[in-house]
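A.B. asks: My structure is below; once you've seen it, I'll send some questions.
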Amino acid sequence: MTDLFDLPLGPLERAFVASLQRLDPKASETLLLAAALCCEALGRGDVCLPLARFAGRRPWPESDVLLPPLDLWREQLRGSGLVGRPGEYAPLILDADRLYLARYQAYEQQLAEQLLARAEDAPAVDETLLSESLARLFAFNQQSPDWQRLAAAQAVRRRLAVISGGPGTGKTTTVVRLLAALLEQPGGERLAIGLAAPTGKAAARMAEAIRNAKASLPVSDAIKAALPDEARTLHRLLGSRGDSPKVRHDAANPLPLDVLVVDEASMVDLALMAKLVAALPPKARLILLGDKDQLAAVEAGAVFAELCEGRGFNAQAASDLQRITGQPVPQETPRSRLGDAVVLLTHSHRFAGDSGIGELARRINDGDANGTVALLREDRPDLAWNPAPGAAALVERLEQGYAPYLAAARQGEPASAFAAFNGFRALTAQREGAFGVNGLNEALEARLKRRLGVAARERWYPGRAVMVRQNDYALGLFNGDIGLCLMSAQGLRVYFEGDEGYRPFAPARLPSHDSAFAMTVHKSQGSEFDEVLLALPEQPSPLLTRSLFYTGITRAKRKVEIWALPSRLQEAVATRAERAAGLAQRLASKAMETQTGEPEKAGGEGEQLGLF
36 MTDLFDLPLG PLERAFVASL QRLDPKASET LLLAAALCCE ALGRGDVCLP
86 LARFAGRRPW PESDVLLPPL DLWREQLRGS GLVGRPGEYA PLILDADRLY
136 LARYQAYEQQ LAEQLLARAE DAPAVDETLL SESLARLFAF NQQSPDWQRL
186 AAAQAVRRRL AVISGGPGTG KTTTVVRLLA ALLEQPGGER LAIGLAAPTG
236 KAAARMAEAI RNAKASLPVS DAIKAALPDE ARTLHRLLGS RGDSPKVRHD
286 AANPLPLDVL VVDEASMVDL ALMAKLVAAL PPKARLILLG DKDQLAAVEA
336 GAVFAELCEG RGFNAQAASD LQRITGQPVP QETPRSRLGD AVVLLTHSHR
386 FAGDSGIGEL ARRINDGDAN GTVALLREDR PDLAWNPAPG AAALVERLEQ
436 GYAPYLAAAR QGEPASAFAA FNGFRALTAQ REGAFGVNGL NEALEARLKR
486 RLGVAARERW YPGRAVMVRQ NDYALGLFNG DIGLCLMSAQ GLRVYFEGDE
536 GYRPFAPARL PSHDSAFAMT VHKSQGSEFD EVLLALPEQP SPLLTRSLFY
586 TGITRAKRKV EIWALPSRLQ EAVATRAERA AGLAQRLASK AMETQTGEPE
636 KAGGEGEQLG LF
C-alpha cells in the first residue's frame, strides 16, 4: 500500500486526509487518494474532481500511483461511508461522476436552484412605460440590434439579468440607464438599490462611473437623485466574519434590497456567489455585469462564464423584446433554462473596426493562434511585439516606459502623477521568475534608485508605486488600491485616489503592500491604461491561457506591446482555461441534458453548507 504522506501533497491535502482517517480508520487508499485530489482541485480553481479525467491515470507524474478505471473507482467510492449521494450527510459527495467536498456540492446545487427560481419569476412591469423609457434613454445608439437596450429591457422585466461585454461595450452606460428605466416604473421611487463589486477598487470605480454617467441622463432630477452612487465590496455587503465561512446576511437575515447590481462578476467565485444569492430576498432583482472571456475568480469556480454559456432568445422571448424595444431580436435556442436572462453586448465603443487591439482580442477568443501571430507581425499602430525578449532589455524598456511618470512624480503633484502613471503599465502572467512581478519590480527599482541617487536599502523614495494587499476599512484602503509616493511639505507621503481628491498617508501607516510598477494580469482586472506592456514567461506555464492573454491586452486603451516568444503566444491562445464544475449542467435545458448525457441531479443539502 502506498504511504500517502510520501506523495507530493500540500499541507491542506494532508490535513484533510488525516481528518478522514480519523473519521474512518479503515478508509481505503482509493478513497483517500480521491479526497486528496478533490482538495487539490479546489486549489486549482476547480469546484469538483471529474473522475473521468483522472481514472486509469497517474495523478502525479513523479509517483507510481495509478488510479483505477472509472467504473471500478466509482464503485469503490460509493462503497465508502465517507462518500454520500446528493442530499446525504458525508464529507464527500459523488454527483454524476463529479466528486465534491460536501460544502461545494451544496453551494453549486443551491445556487443553481435559486438562480432558476429567480429567472422564472417575472415581476409586474408596465411595458408601455418601459418602451417609452428605453426609447428615450437609448436614443443615442444607432446599432441594430441595440444590445444595450435589449439588456436593459430584460433587466427590468426579469428578476435575474446576466450582462456580459468586453471593454468599451458600455456595461456602465447600460446599467445606469436600466436603473433609470426601473425607477420610472410605477412604485420605482421606493426601490432600495445596492451596488457591489468583488474588490474595493472595483466598487469605487463602479460608483464613480455611475456618478459621472447619471449627470447627462434624459430623466427628471428626482430620478437622478434616486440613482445610487455608493458601492460596497461583496464581503462587506454580506457581513463576512473573518476566517469563518458564515456571513451575517443569509436567507434567514436577508439583505434589505430590492435591486442589487454586481460589477466585475467574472471575479466572483462559487462560494461567494452562492452566499450572495442566498442572502438576496427572492423578489429582489439581481443584475450581474462582467466579461465572460476575462480571467475567472482566484478561488474555485467560473460562475459568470458558466451562466453565459446558456444564452439565447427563444421565439417567445424574441417576440416580446421586439414589441417592447422596437429592435430586431435574433432567435437562438437557449442552452440553459436561464435563457433570455443572459445578454451579450457586442459593439465596442472603445475599439473601432480597424483597431488592432480589437482584432487581436477577437482572434485570441476564437483560439486562432496562427492568426494572432500573423496579426502581430503586421504594422499596426496600436500593436507592437518583441518576439525575442530578454530580461535586461525588458527592464530597460520599463524604465523608458515609466520615464514620463517619474518626471511627473518629481513635481510632487498627485493629479499629474496619477495621470502619468496610468499612461503606461507593465503586466505579467506570474509573480515569480525574471519575467514575473517580483523579479521585474526588484530589478526596475534597483535601476531607478541608482538613477535617483537613492540608497539601495531605502524602501521609500519619490516615485515609488505600491499596491495594497489587504483591506483596511479604518483607513479606507482596499486590496488592489494603487498608491504613489511623492514629496510633500510634510515629507514623503503615499497618495491614493479618493472620491474627493487625493488622500495622503505616511508610509508607516500603510497596510501590507507590494511595489506596483509591474503587476499581474489578475490584479489588473477592471483597470484601464493608455498603453500596456504584457510580458509572458520564457518557459511554458499553466498560467498561460487564452483568458489571461485576452484580459491583459484589453487593459489597454491605445496601444499594447507584447514581449513573448512565438511559442508562448501560441500556447496561450491555444490553451482554454476550463474549470471542472457542474453548474452549467445543472442549469442546462432538457434538450441540452439529453445531448450531453448529464441529467440534472436533485438534492437538498441544506445544513451541509456549514459542515465540512
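Each residue of the sequence shown is one higher than the last, beginning at 36 in the working numbering. Backbone N, C-alpha and C fix where the C-beta goes; we use that ideal spot for every residue, glycine too.
1) Verify whether the separation of the beta carbon atoms of Val-501 and Leu-512 is less than 8 angstroms.
2) Excluding the 5 residues flanking Ala-478 on each side, which residues of the same chain have their C-beta closer than 7 angstroms to its C-beta?
3) Please work out which residues of its chain come closer than 6 angstroms, Cβ to Cβ, to Asp-565, disregarding the five sequence neighbours upstream and downstream, and give them in chain order.
4) Give me the Cα-Cα distance between Gln-362 and Asp-181, rounded to the nearest whole angstrom.
5) Since Thr-204 contacts Ala-248 with CB under 8 angstroms, what's their CB separation in whole angstroms?
6) The alpha helix (DSSP H) with Glu-566 in it runs from where to where?
7) Starting from Leu-485, trace the alpha helix (DSSP H) both ways and give me its first and last residue.
8) What does the alpha-carbon distance come out to for the pair Tyr-139 and Ala-619?
9) Using 8 angstroms as the threshold, is the stretch 66 to 73 in touch with the stretch 81 to 94, meaning 3 or more CB pairs across them?
10) According to DSSP, is Glu-64 part of a helix, a strand, or is it coil?
11) Using a Cβ-Cβ cut-off of 6 angstroms (strictly less than) and excluding sequence neighbours within five positions of Val-254, which residues of its own chain qualify?
12) What is the DSSP secondary structure of Lys-236, reduced to helix, strand or coil?
13) Just checking, does the stretch 575 to 582 make contact with the stretch 603 to 621 on the three C-beta pairs under 8 angstroms criterion?
14) For Glu-394, count the other beta carbons within 10 Å of its own beta carbon; 16 or more makes it buried, fewer makes it exposed. Which is it?
15) Going by DSSP, name the residue or residues bridged to Ala-231.
16) Going by DSSP, what residue range makes up the beta strand (DSSP E) through Arg-593?
17) Taking the straight line between their C-alpha atoms, what separation do you get for Val-296 and Val-211?
18) DSSP three-state call for Leu-622: helix, strand or coil?
19) Taking only three categories from DSSP, how would you classify Arg-49?
20) Less than 6 angstroms between C-beta atoms, sequence neighbours within five positions excluded: which residues of the same chain meet that for Ser-115?
21) Roughly how many angstroms lie between the CA atoms of Asn-288 and Leu-58, to the nearest whole one?
22) Determine whether the beta carbon atoms of Cys-520 and Pro-546 lie at a separation below 8 angstroms.
23) In or out: Ala-250 buried (at least 16 other Cβ within 10 Å) or exposed?
24) Whose C-alpha, out of Tyr-530, Asn-514 and Leu-380, is nearest the C-alpha of Ala-452?
25) Bridge partners for Ala-419 per DSSP, in chain order?
26) Between which residues of its own chain and Ala-626 is the CB-CB distance below 7 angstroms, once the five residues before and five after are set aside?
27) Do Ser-371 and Leu-622 have their C-beta atoms within less than 8 angstroms of each other?
28) Pull up the distance between the alpha-carbon of Glu-628 and that of Ala-461, whole angstroms please.
29) Just list the alpha helix (DSSP H) runs in the stretch 102 to 164, keeping only unbroken ones of 4 residues or longer that don't cross its boundaries, in chain order.
30) Are there three or more Cβ pairs, one per stretch, closer than 8 angstroms when the stretch 181 to 194 is compared with the stretch 372 to 383?
31) If Val-595 sits next to Val-567, beta carbons under 8 angstroms apart, how far is it from one beta carbon to the other, in whole angstroms?
32) For Tyr-508, name the three-state secondary structure that DSSP assigns.
33) What three-state label does DSSP hand Pro-369 in the structure shown?
34) Quick one: measure Cβ to Cβ for Met-302 and Ala-332, integer angstroms, because I've assumed they're closer than 8 angstroms.
C.D. replies: In short, the structure shows the following:
1) no
2) Val-430
3) Gly-458, Lys-592 and Arg-593
4) 7 angstroms
5) About 14 angstroms separates the two Cβ atoms, so there is no contact after all.
6) Element bounds for Glu-566: not the alpha helix (DSSP H) but the beta strand (DSSP E), 564 to 570.
7) The displayed chain sequence assigns Arg, not Leu, to residue 485. Per DSSP, Arg-485 belongs to the alpha helix (DSSP H) from 472 to 487.
8) 15 angstroms
9) yes
10) helix
11) Ala-215
12) helix
13) yes
14) buried
15) Arg-267 and Val-297
16) 591 to 598
17) 10 angstroms
18) helix
19) helix
20) Leu-66
21) 33 angstroms
22) no
23) exposed
24) Tyr-530
25) Glu-596
26) Unreliable placement is indicated for Ala-626, whose pLDDT of 44 sits below 50; the coordinate value is still reported in the next sentence. Answer for Ala-626: no residue qualifies.
27) yes
28) Residue confidence for Glu-628 is low, a pLDDT of 46 falling below 50, so the modelled location carries little weight; the figure read from the coordinates is stated next. For Glu-628 and Ala-461, the distance between alpha carbons rounds to 44 angstroms.
29) 105 to 113 and 137 to 155
30) yes
31) 5 angstroms
32) coil
33) coil
34) 5 angstroms
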